[in-house]
Amino acid sequence: MNRSDLSLAMASASGIPRMTAERALNAALAAMAEELTRGQRVTLAGFGTFKPVARKARIGRDPRTGTRLEIAPCNSVHFAVSPELRDALNLTVLRAHSAGA
Numbered sequence: 005m006n007r008s009d010l011s012l013a014m015a016s017a018s019g020i021p022r023m024t025a026e027r028a029l030n031a032a033l034a035a036m037a038e039e040l041t042r043g044q045r046v047t048l049a050g051f052g053t054f055k056p057v058a059r060k061a062r063i064g065r066d067p068r069t070g071t072r073l074e075i076a077p078c079n080s081v082h083f084a085v086s087p088e089l090r091d092a093l094n095l096t097v098l099r100a101h102s103a104g105a
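Here my numbering is used: the sequence shown runs in plain steps of one and ends on residue 105.
Okay, here's the thing in structure tokens:
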């Protein structure tokens with residue numbers, strides 16, 4: 005699912021026009037990005053938590069040549085899934101597994 009698919013799903017689920025859903029989605033994502041760039045966590049109850057993390061410089065390898073490369077330090081985002089979503093995902097896996105058994 006991409007951004008366009010998500011805004012369409014939001015519009016369908018809520019009965020609002022697609023452009024309104026798209027503007028709401030863009031505003032939510034912009035607010036989340038702003039908080040993350042300020043070093044703050046973004047928690048969506050029942051979904052998960054986005055947490056900014058600083059990655060240290062490290063040595064890597066070029067997969068084609070095997071040459072050692074220095075990978076510069078950078079900032080990234082870690083996502084931790086909520087227990088509710090994790091349980092829902094695992095329930096789907098368990099149902100699929102038991103149906104195939």
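The C-beta atom is built at its ideal place from N, Cα and C for all residues, glycine as well.
Legend entry - Spatial distance of R7 from A76 (CA atoms): Translated into positions along the sequence shown, residue 7 becomes position 3. Translated into positions along the sequence shown, residue 76 becomes position 72. Cα to Cα, the separation comes out at about 30 Å.
Inset, instruction - With DSSP as the reference, please indicate the residues paired to N79 in a beta bridge. - result: Position 75 of the sequence shown, counted from the first residue, corresponds to residue 79. For N79, which the question treats as bridged, DSSP gives the partners A58.
Inset, instruction - Compute the Euclidean distance between the alpha carbons of A31 and R65, then round it to the nearest angstrom. - result: The residue given as residue 31 occupies position 27 in the sequence shown. The residue given as residue 65 occupies position 61 in the sequence shown. Cα to Cα, A31 sits roughly 39 Å from R65.
Inset, instruction - Going by DSSP, name the residue or residues bridged to A17. - result: To locate residue 17, count along the sequence shown from 1; it is residue 13. As computed with DSSP, A17 is found in no beta bridge at all.
Inset, instruction - Return the first residue and the last residue of the beta strand (DSSP E) that T47 is part of. - result: On the sequence shown, residue 47 is found 43 positions in, with the first residue counted as 1. If you look at T47, you'll find it in the beta strand (DSSP E) that goes 46-48.
Legend entry - Given A61 as reference, the closest of A34, N79, M23, A15 once Cα atoms are compared: As a working note, residue 61 is residue 57 in the sequence shown. Of the residues A34, N79, M23, A15, the one whose Cα lies closest to the Cα of A61 is N79.
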